[in-house]
Amino acid sequence: MISGEFDLSVGSMYAFSAYVVGVLSNRGMPSLYALMLTLGFAVIIGVINGLFTTKFRIPSFITTLGMMLFLRGILYAVTGGSSVSYLGDSFIVITLGQKFQSDGILGYFRPSHFWYIGLLIIFSIILTRTAYGNHVFAVGGKEEAARAMGVNVRKIKLINFIICSVLAAFSGAIVLSRLLIISPVVGEGMELEAIAAAVIGGVSLRGGYGTIFGTFFGVILIAMVRNGLLLAGAPPYWYSAFVGIILLIATLLNVKVLKRE
Amino acid sequence: MNNNDKEIILEGKHIWKKFGTIQALKDVSFKLNRKEVLGLVGDNGAGKSTLVKIITGIYPPDKGEIYFEGKKVRFSSPLEARRAGIETVYQDLALVDLMNIYRNFFLGREITKGKGPIKFLDIKKMREECMKAFSQLGIGIRSPDEIVSFLSGGEKQSISIGRSIYFGVKVLILDEPTMALSVKESRKVLELVEKIKQQGLSVIFITHNIYHVYSIADRFMILNRGIKLGEFYKKDVTPEDISEIIASGEIPEELKDKMIV
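Keeping their order, the protein sequence lines are chains A and B. If you count by the working numbering, then the first sequence holds residues 1 to 261, one letter each, in order. If you count by the working numbering, then the second sequence holds residues 1001 to 1261, one letter each, in order.
1) What's the C-alpha gap between G1114(B) and F1120(B)?
2) Give the DSSP-derived three-state secondary structure of K1072(B) in the structure shown.
3) Which of helix, strand or coil does DSSP assign to L1172(B)?
4) Under 9 Å, CB to CB, which of the residues in the segment 1117-1130 of chain B have a partner in chain A?
5) Which residues in chain B sit within 7 Å of M149(A), going by Cβ to Cβ distance?
6) Along chain A, in chain order, which residues have C-beta atoms closer than 8 Å to that of M1221(B)?
7) Just how far apart, CA to CA, sit L96(A) and K1124(B)?
8) What are the residues in the segment 1235-1254 of chain B lying within 7 Å of chain D by C-beta distance?
9) Within the 8 Å Cβ cut-off, does G40(A) reach chain B?
10) So, is the C-beta of G1085(B) closer than 8 Å to a C-beta in chain A?
11) According to DSSP, which residues form a beta bridge with M1221(B)?
12) DSSP beta-bridge partners for S1049(B)?
13) Do you know how far the Cα of V84(A) is from the Cα of L271(A)?
14) Is it buried or exposed for H1212(B), if we count other Cβ within 10 angstroms and need 16 for buried?
15) Starting from F170(A) and walking both ways along the alpha helix (DSSP H), at which residues does that stretch end?
16) Residues of chain A with CB closer than 7 Å to the CB of D1145(B), please, in chain order.
17) Look up N1033(B) in the DSSP assignment and give the residues it is bridged to.
18) I need the straight-line Cα distance from L69(A) to P1078(B), nearest angstrom please.
19) Can you tell me where the alpha helix (DSSP H) with S1160(B) in it begins and where it stops?
20) So if I threshold CB-CB distances at 7 Å, which residues from the segment 212-246 of chain A count as touching chain B?
21) Taking C-alpha atoms, which residue in S1160(B), K1013(B), M1221(B), A1081(B) lies nearest to V1193(B)?
22) When DSSP labels each residue in this structure, what does P184(A) get in the three-state scheme?
23) From the DSSP output, which residues share a beta bridge with F16(A)?
24) Is DSSP giving A232(A) helix, strand or coil here?
25) From L106(A) to L1137(B), what does the alpha carbon distance come to, in whole angstroms?
26) With DSSP run on the structure shown, which of helix, strand or coil describes H1212(B)?
27) Compile a chain-ordered list of the residues in the segment 114-142 of chain A whose CB is closer than 7 Å to at least one CB of chain B.
28) Relative to the C-alpha of E5(A), which residue among P30(A), G22(A), S60(A), V20(A) is closest?
29) Evaluate the contact criterion for the segment 213-229 of chain A versus the segment 25-42 of chain A: three or more CB pairs, one atom per stretch, below 8 Å.
30) If the criterion is Cβ atoms closer than 8 Å, does the pair V1052(B) and I1227(B) meet it?
31) Measuring CB to CB, does E1185(B) end up less than 8 Å from G1230(B)?
32) With DSSP run on the structure shown, which of helix, strand or coil describes F1120(B)?
33) For D1062(B), decide whether its Cβ has a neighbour in chain A, counting only Cβ atoms nearer than 8 Å.
34) Below 9 Å on C-beta distance, what does A146(A) contact in chain B?
35) Taking I1165(B) as the reference, which of T1207(B), F1106(B), N1209(B), L1181(B) has the closest Cα?
36) Examine chain A for any beta-carbon lying closer than 8 Å to the beta-carbon of L1172(B), and answer yes or no.
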């Protein structure tokens, strides 16, 4: 989003990759290989998204909407709408989703928490401390200026589509290894939640502005609303109404703050 | 002529360019010496911008040749021209508004440190270097961390010029640099141009307002509807003479013998 593009296919990619990892492992493939293969597949999807957007100049909103419908459609067609249980080996379960076997404080955590925090820090450093990160902001802020200064705009956007797709696939593998069952409807609407989280965290919808840690807080806020409503015993149907209100307030604040600056 | 003791850095010979049925440039030749400010003047639609766009490779000429430092060149893009040492600073500047000064300054040419495949930005060095570049040119910038969108038009102009000079430009082309600026700001930009000339650079200063360029130019070249009307040394003409030539499209008889042949 900072480089000025959206990826609406993340929700479908998330469910699709969970399914692929599950099916490959169930057929006896070591789950590590299944995961690698799926991430490789995600790279291809990212490249397709990226090429359609950069080479054929179709807005990413459309290309990734197409990819979202395509992946989801395939998933429905192949599964016939029914869930698939994970019967593969324990590798990804231990390294990704299952709680640590510990009586201490570690017992409250799952490896996925550390994966998340680790990736958060790594990508934050990449975004703020490398030339590539600098180019991402420039491409989203003023594409013409970036191009004039010799930045390869296409390459930067392509890389970002790949990163987005691979990370969505990785989260799909995580959710599979945690729930051990995958339903083809999982992750529906998640692409919009992802955008909402980023905007709540201060990322500009027009690109060129935003932080990874801001988005982290956006994500936490949305998750807190979900859990809070659940714990308060409110019907889960209220969830998206609350997220909607937070999104509107956050956007209003963002605009106010930017104007005052 | 007293031209012989000077070194020609950039030369165009018999340049023609046609857009559809419009003859934008008709047999235009020019020379630019080292350490010289050439005022390229003419009314709107005279072909000034077309000429510089041909020099920097945005358009190819239909006919004609360009020589840079004695060698025949034909740039295929402004990027290539910049790498050779010719750069145009445009009105809609190649600065990303949402980014700070030092990140803009080094955009596409970031200073990095570290070994191996991952190199990190050397932020300390970039901040120092860009402040050093500004202070050498007498550009008053408070902090390299300031966001570009909060700066005035003149400050942005100065940063763009300062950046070109830092990266070793030899010929700087300024396209209407003073057009949207206040009187005070214009003067600052003109002082900056004067200073970079002292440092040995050559400048082509495009304007349709002769009073802006008269004080700093060494020589004037007047275009009218794609045709070169004439060239004059500053000592031979007054700004009123040039205004009159631009407005009437003709060289008065009494000035004809002062024209540079």
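No residue lacks a Cβ here, since even glycine has one placed at the ideal position from N, Cα and C.
In brief:
1) Spanning the two alpha carbons is a distance of roughly 6 Å.
2) Of the three classes helix, strand and coil, the one that applies to K1072(B) here is strand, per DSSP.
3) Secondary structure at L1172(B): strand, using DSSP grouped into helix, strand and coil.
4) Shown in chain order are the members of the segment 1117-1130 of chain B whose Cβ falls below 9 Å from a Cβ of chain A: I1118, K1119, F1120, L1121, I1123.
5) Within chain B, the residues whose beta carbon sits less than 7 Å from that of M149(A) are A1094, L1107, G1108, listed in sequence order.
6) In chain order: nothing, as chain A lies at least about 26 Å away.
7) Straight across, the Cα-Cα distance linking L96(A) with K1124(B) is about 38 Å.
8) This model lacks chain D altogether, as its protein chains are A and B.
9) No, G40(A) does not count as interfacial toward chain B.
10) Closer than 8 Å: no.
11) DSSP, once it has assigned bridges, lists L1040(B), E1231(B) as partnering M1221(B).
12) Residue pairing by DSSP places S1049(B) in no beta bridge whatsoever.
13) Lying before the first or after the last residue shown, residue 271(A) is absent from chain A, which here runs from 1 to 261.
14) Here H1212(B) is buried. Its C-beta has 16 or more other C-beta atoms within 10 Å.
15) Segment 153-179, the alpha helix (DSSP H) holding F170(A).
16) Simply none; closest approach about 13 Å.
17) Partner(s): I1008(B).
18) Their Cα atoms are separated by approximately 41 Å.
19) That run of the alpha helix (DSSP H) goes 1153-1166.
20) Nothing from the segment 212-246 of chain A brings a Cβ to less than 7 Å from some Cβ of chain B.
21) Taking only the C-alpha atoms, the option nearest V1193(B) is S1160(B).
22) In the structure shown, P184(A) sits in coil (DSSP, three-state: anything other than H, G, I, E or B).
23) Note: F16(A) sits in no beta bridge, so no partner.
24) Of the three classes helix, strand and coil, the one that applies to A232(A) here is coil, per DSSP.
25) Cα to Cα, L106(A) sits roughly 58 Å from L1137(B).
26) It is helical.
27) Interface annotation for the segment 114-142 of chain A against chain B: R129, T130, A131, N134, F137, A138, G141, K142, criterion Cβ-Cβ distance under 7 Å.
28) It is S60(A) whose Cα lies nearest to the Cα of E5(A).
29) The segment 213-229 of chain A vs the segment 25-42 of chain A: no contact.
30) Contact flag unset, no.
31) The Cβ-Cβ distance between E1185(B) and G1230(B) does not fall below 8 Å.
32) DSSP places F1120(B) in strand when its eight states are reduced to three.
33) Interface flag for D1062(B) against chain A is unset, since no Cβ pair is found closer than 8 Å.
34) Residues of chain B passing the Cβ test: A1094, V1096, L1107, G1108.
35) The candidate whose alpha carbon is nearest that of I1165(B) is F1106(B).
36) No, L1172(B) lies away from the interface with chain A (no Cβ there is under 8 Å from its Cβ).
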